[in-house]
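A short write-up of the structure that comes next.
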Amino acid sequence: MNENPIDKVADLGRDIGEYIKQQRNNAKISLRQLSKLAGVSNPYLSQIERGLRKPSAEILQQIARGLRISAEALYVQAGILDLPQGGPVVDAVRVDTTLTERQKQILLDVYESFRRENATQEPENKE
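Sequential numbering of the sequence shown, starting at 11, is according to this note's numbering.
Rendered as structure tokens:
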């Protein structure tokens with residue numbers, strides 16, 4: 011069954027709101043604290059988390075800064091950016107809800123550094 015484009019936008023709003031709330035809870039920050047850190051009004055942030063408002067890229071950037079996560083993570087969740095290409099390892103890390111965005115980024119950075127290092131080695135040295 012094809013989904014109506016308006017329903018898709020509503021789903022994106024709910025998804026980003028749920029994601030922001032999840033990240034805020036993981037960081038153990040209250041709604042009021044995040045609103046101050048992000049420079050966004052408490053009622054507006056509450057509406058975003060409940061899926062009643064779909065924030066702009068600029069507001070998402072402010073929220074990401076307040077949460078100390080990458081703005082790219084929020085842009086992907088909001089449907090502003092496509093999920094970066096990766097493969098099974100990268101995809102698994104990105105969807106793991108038990109890791110913080112910072113932990114995910116560190117893992118991906120280490121993984122990529124190993125891949126780059128191995129790509130420059132002689133073929134007979136690879137295992």
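Just so it is clear, CB atoms sit at the ideal spot from N, CA and C, and this is done for glycine as well.
Nothing here was measured: the structure is a model prediction, and the numbers come from that model.
Three Cβ pairs or more, each shorter than 8 Å: is that satisfied between the segment 34-47 and the segment 74-82?
yes
If we count the other Cβ atoms within 10 Å of its Cβ and call it buried at 16 or more, is ALA98 buried or exposed?
Mapped onto the sequence shown, residue 98 falls at position 88. In the sequence as displayed, the identity of residue 98 is Pro instead of Ala. Classification for PRO98: exposed.
Hey, out of GLU127, ALA83 and ARG125, whose CA is closest to ASP106's CA?
Taking the sequence shown and counting its residues from 1, one reaches residue 106 at position 96. The residue with the shortest Cα to Cα distance from ASP106 is ALA83.
Inside the segment 86-113 only - alpha helix (DSSP H) runs reaching at least 4 residues:
For the segment 86-113, whole alpha helix (DSSP H) runs of length 4 or above, ordered along the chain, are 98-105.
Any idea if LEU62 is buried or exposed, counting beta-carbon neighbours within 10 angstroms, 16 or more meaning buried?
Indexing the sequence shown from 1 puts residue 62 at position 52. Its Cβ having fewer than 16 others within 10 Å, LEU62 is exposed.
Taking the continuous alpha helix (DSSP H) assigned at ARG75, which residues delimit it?
Within the sequence shown, the letter at position 65 stands for residue 75. First-last of the alpha helix (DSSP H) with ARG75: 67-77.
Less than 6 Å between C-beta atoms, sequence neighbours within five positions excluded: which residues of the same chain meet that for ASN52?
Here residue 52 is taken as the residue at index 42 of the sequence shown, counted from 1. Within the same chain, ASN52 has close Cβ partners ARG42 and SER45.
When THR108, ARG60 and ALA37 are compared against ALA74, the one with the closest alpha-carbon
On the sequence shown, residue 74 is found 64 positions in, with the first residue counted as 1. Ranking the options by Cα distance to ALA74, first place goes to ALA37.
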